[in-house]
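2 protein chains.
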Amino acid sequence: MSNFEVLYKDSSCSARHGLLITTHGKVETPVFMPVGTAGAVKGITPQQLKETGTDIILANTYHLMLRPGVDVVEKIGGLHKFMAWDQPILTDSGGYQIFSLSPLTKVDDAGVEFTSHIDGAKIYLDAETAIKIQNRLNADIIMCLDQCTPLPADEKQLKEAVERTIHWAKCSKKAHANTNQLLFAIVQGGINLQLRTYCASELVKLDFDGYAIGGLSVGEGHDNMIKVVTHTTQLLPENLPRYLMGVGTPADIIAAVRAGVDMFDCVLPTRNGRNAFAFTENGPLRLRNNAHIEDDRPIEKDCNCYCCKNFSRSTIRHFFNCGEMLGPILVSLHNLRFFQKLMAEIRLALKKKEFTVWSNEQLKKYQSFDPSTRLGSGLLKNNLSKITK
Amino acid sequence: MSNFEVLYKDSSCSARHGLLITTHGKVETPVFMPVGTAGAVKGITPQQLKETGTDIILANTYHLMLRPGVDVVEKIGGLHKFMAWDQPILTDSGGYQIFSLSPLTKVDDAGVEFTSHIDGAKIYLDAETAIKIQNRLNADIIMCLDQCTPLPADEKQLKEAVERTIHWAKCSKKAHANTNQLLFAIVQGGINLQLRTYCASELVKLDFDGYAIGGLSVGEGHDNMIKVVTHTTQLLPENLPRYLMGVGTPADIIAAVRAGVDMFDCVLPTRNGRNAFAFTENGPLRLRNNAHIEDDRPIEKDCNCYCCKNFSRSTIRHFFNCGEMLGPILVSLHNLRFFQKLMAEIRLALKKKEFTVWSNEQLKKYQSFDPSTRLGSGLLKNNLSKITK
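Residue numbers (my numbering), protein chains in the order written: chain A, 1 to 389; chain B, 390 to 778.
Structural data, given as structure tokens:
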């Protein structure tokens, strides 16, 4: 039996509505996966997370292998039990964190040596070990170790990273030993379309359960990102799930769905939420602003999230002003619901065969908000001191 | 119609089971009120709070008058709407915080000048103003301004504070103008029983809707506290609610119920929870300890709180180890449920006419845990740096 079924394909773009089948249940696509960094979506209980409409979450292998360690998670009964989440989980390979969080990284074809950002310990990871760890964590979907390149990267660097990513994918495929799990490979190649073609075609030969597009949302901008995504999705099997890693803003997501992407993950709803930044259909709201002091309206009219059904902007602003934990929690809940509603609207528009018209309108609207939205990527570099990671 | 009804009185001690009737609903007593310092029980949503079995909460007038200010709360529609809590609320008068949090306090018979602990602003509060603020916050039960004395205090100091508390109670009674609210007076007098007698008898003459015992749980110890409580409850009207402020540990609560107390509030479940300290029937658990690293058991076997139904000690320890917000939230939830279950057991033992036997056993057990329990009072002074307020 296949683990993915395309239920409907839009006639005028590459968007599709599908069903992803995992050991812990079925997930309708296109789907957004909130990020549960260290075994929790920050500050949000699994019960609250389900109430946002979340069906699948991502957990970071890198964070979990450092703390509490795979032995602990395995002894407790695997990641689902450890996190108290009984629906599907995807674990990333750790690659992105190794290359972005670690100050000292030595990489060769065999593997990568990096320094723990917690205690400075030197840790060695190769593709086999990354898979073995993920086999033991026992998420429903696991990822091959890949090499992410910084932006900009010269062609030699990019090419080397692509070759290594392909080599590691072969090792991963061989090492994978947990039949409860789907194994996805990651296409690298920066914004070089030829390298993307090469990487995708080599990986497709290896016959994975799904394919991810990595190395984007690192500062290349919306247009470059969508260009690479549009190019890459066409190289991937029609009948398998496609996952765009670490993306993105509402505009990024809508455009990538048009290009044929099925799965997304991003810290934006929660990271922005913790920083009093709320997503709305009318653009972003900054809840710390004085404008909200006496505002008895919810963050978003007619939103059915727990925050909007119960709390005024005034109260939320007050919570941030006092350092009360409920502030970050409530805005995270709203943002997660906002993203899940967006995905539900995308799926509905696809089912109703109205996606092209719908997405044109929505894309235009959300693109106009984008410059102020990316607390997580471009903006983060400039405002690190003001932002809680 | 009376606002309080004694449904059952124990035959061999002063404990009673009652019903407190407020504008926002009825509350069975003895009852425990979690503390919603600045408009929220820290980190806990109203929905989660209800699931712990909480029927009534306390909010701090002092904190709310400083931030966001009574104008804001009133404009949003009152405290219930502001906090998104549709069940009963009690606001304290601010007296305790003024005398404990403010570095500079000038007090005379007219009122008290204090320094905001937030921005150093000088603020003047008299009894009438304290009532007017509480009238506008619109909680269900409000408190007269009182003067708390530090421990130890000499007799002259204590006597002065008692006279002032009585005088302010008269002013409060006169100023009270919101008929939706019950007004309680506070008996002061430290551990001087004669002063407690004097204060109680003067306040009782003024005919309040209920009476609180203040100025305890400030370091006098369990035995002194219960001596004062036992003495004071006998001076208060049989048919009105009695509220022991800021108390306490499970042993304090059980002993005070035996002495005839109906209402309690305390930060212990939440403050201790935020510091990885869990209450259990078998004594305290410190969740940061290495002993819990691979422990797949819940905090407390058979506990029906959200935390125990879903999370292992291992995961909770991991959350504290990582600084993940869910750690403080989950242990706060467990502790709140623990306190609410204790109160439910007290009420059940009273209804079943088994309270004397039950309380003897329980008191003995919980008294043995007490020395390590008071993160909030005695211990707090020594370990302030280690403890999140």
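We put the beta carbon where it would ideally sit given N, CA and C, even for glycine. Quick caveat: nothing in here was measured; it's all calculated off a predicted structure.
Discussion item. For a cutoff of 8 Å on Cβ pairs, would you count N449 (chain B) as touching chain A?
Written reply: no
Discussion item. Under 8 Å: do the segment 689-702 of chain B and the segment 714-726 of chain B share three or more Cβ pairs, one atom per stretch?
Written reply: yes
Worksheet item: What does a CB cutoff of less than 7 Å around E609 (chain B) pick up in its chain, not counting 5 residues either side in sequence?
Response: L540, I580
Item to complete: Would you list, in chain order, the members of the segment 697-711 of chain B that have their beta-carbon closer than 7 Å to a beta-carbon of chain A?
Response: N699, F700, S701, S703, T704, H707, F708, N710, C711
Worksheet entry | Per DSSP, cross-strand counterpart(s) of Y632 (chain B) | B:A601, B:M652
Item to complete: For Q97 (chain A), go through chain B and note every residue whose CB falls closer than 7 Å to its CB, in chain order.
Response: Those do not exist, as Q97 (chain A) stays about 14 Å from chain B at its closest Cβ, beyond 7 Å.
Practice prompt. Using only the heavy atoms of the ligand NAD, determine whether one of them is closer than 7 Å to the beta carbon of S11 (chain A).
Written response: Ligands are entirely absent from the displayed structure, and the ligand NAD is therefore not among its contents.
Item to complete: Could you tell me which chain A residues have their CB closer than 7 Å to the CB of M714 (chain B), listed as they occur along the chain?
Response: K42, G43, M325
Worksheet item: For R258 (chain A) versus A15 (chain A), is the C-beta distance shorter than 8 Å?
Response: yes
Fill in: For A200 (chain A), three-class secondary structure by DSSP
helix
Worksheet entry | Q577 (chain B), buried or exposed, once every other Cβ within 10 Å from all chains shown has been counted against 16 | buried
Worksheet entry | Where M811 (chain B) falls: helix, strand or coil (DSSP) | Residue coverage of chain B in this structure runs from 390 to 778, which leaves residue 811 (chain B) outside it and unanswerable.
Item to complete: Measure from the alpha carbon of V424 (chain B) to the alpha carbon of each residue in B:T659, B:L752, B:R706, B:E734, then state which is nearest.
Response: B:T659
Worksheet item: What residues in its chain sit with their C-beta under 7 Å from that of N224 (chain A), if we drop five residues either side in the sequence?
Response: I191
Worksheet item: For S774 (chain B), does the three-state DSSP call read helix, strand or coil?
Response: Summary for S774 (chain B): the model assigns pLDDT 34, below 50, so the residue's position carries little reliability; its value from the coordinates is reported in the next sentence. In the structure shown, S774 (chain B) sits in a helix (DSSP, three-state: H, G or I).
Discussion item. For P298 (chain A), would you say it is in contact with chain B, using Cβ-to-Cβ distances shorter than 8 Å as the test?
Written reply: no
Discussion item. I'd like the span of the alpha helix (DSSP H) that includes V617 (chain B), first residue to last.
Written reply: 611-622
Practice prompt. List the residues of chain A whose Cβ lies closer than 7 Å to the Cβ of P456 (chain B), in chain order.
Written response: According to the sequence displayed, residue 456 (chain B) carries Arg and not Pro. Under the 7 Å cutoff, chain A gives H318, N321, C322.
Discussion item. Does S766 (chain B) come out as helix, strand or coil in the three-state DSSP assignment?
Written reply: For S766 (chain B), the predicted model reports a pLDDT of 43, less than 50, meaning its position is unreliable; a value from the coordinates is still stated below. Note: S766 (chain B) maps to coil in three-state DSSP.
Item to complete: Compare the beta carbon distance of T232 (chain A) and I213 (chain A) with 8 Å and say whether it is the shorter of the two.
Response: yes
Worksheet entry | M532 (chain B) - containing beta strand (DSSP E), residue span | 530-532
Fill in: Per-residue contacts from P241 (chain A) into chain B (C-beta, under 7 Å)
Those within 7 Å of P241 (chain A) in chain B number zero; the least Cβ separation is about 29 Å.
Worksheet entry | Proximal chain B residues relative to A84 (chain A), where beta-carbon distance stays under 8 Å | N699, F700, T704
Worksheet item: Which same chain residues, not among the five before or five after S701 (chain B), have their C-beta less than 7 Å away from its C-beta?
Response: D684, D685, R686, P687
Worksheet item: Among A:K156, A:D265, A:G25, which residue has its Cα nearest to the Cα of N3 (chain A)?
Response: A:G25
Discussion item. Across the segment 268-283 of chain A and the segment 337-351 of chain A, are there enough close Cβ pairs to call them in contact, namely three or more that are closer than 8 Å?
Written reply: yes
Fill in: Proximity test, Cβ basis, 8 Å: K227 (chain A) and chain B
no
Fill in: Backbone secondary structure at G327 (chain A) - three-state DSSP
helix
Fill in: Neighbour list for Q87 (chain A) in chain B, Cβ cutoff strictly below 8 Å
Simply none; closest approach about 13 Å.
Item to complete: Tell whether a beta-carbon distance below 8 Å holds between A528 (chain B) and S482 (chain B).
Response: no
Discussion item. At 4 residues or longer, what runs of the alpha helix (DSSP H) sit wholly inside the segment 475-556 of chain B?
Written reply: 484-490, 516-526
Item to complete: Taking all protein chains shown into account, decide if V461 (chain B) is buried (16 or more other Cβ within 10 angstroms of its Cβ) or exposed.
Response: buried
Item to complete: Check the C-beta distance from T450 (chain B) over to L526 (chain B) and give it rounded, since I have them as a contact under 8 Å.
Response: 7 Å
Fill in: Opening and closing residue of the alpha helix (DSSP H) in which V394 (chain B) lies
One point to set straight first is that residue 394 (chain B) is Glu, not Val, in the sequence displayed. Where E394 (chain B) is concerned, there is no enclosing alpha helix (DSSP H), although the beta strand (DSSP E) it sits in stretches over 393-398.
Worksheet item: If you drop the 5 nearest sequence neighbours on each side, which residues of the same chain put their C-beta closer than 7 Å to that of G39 (chain A)?
Response: A59, L64, F82, M83
Worksheet item: What number of angstroms, rounded off, separates the C-alpha of G635 (chain B) from the C-alpha of F653 (chain B)?
Response: 7 Å
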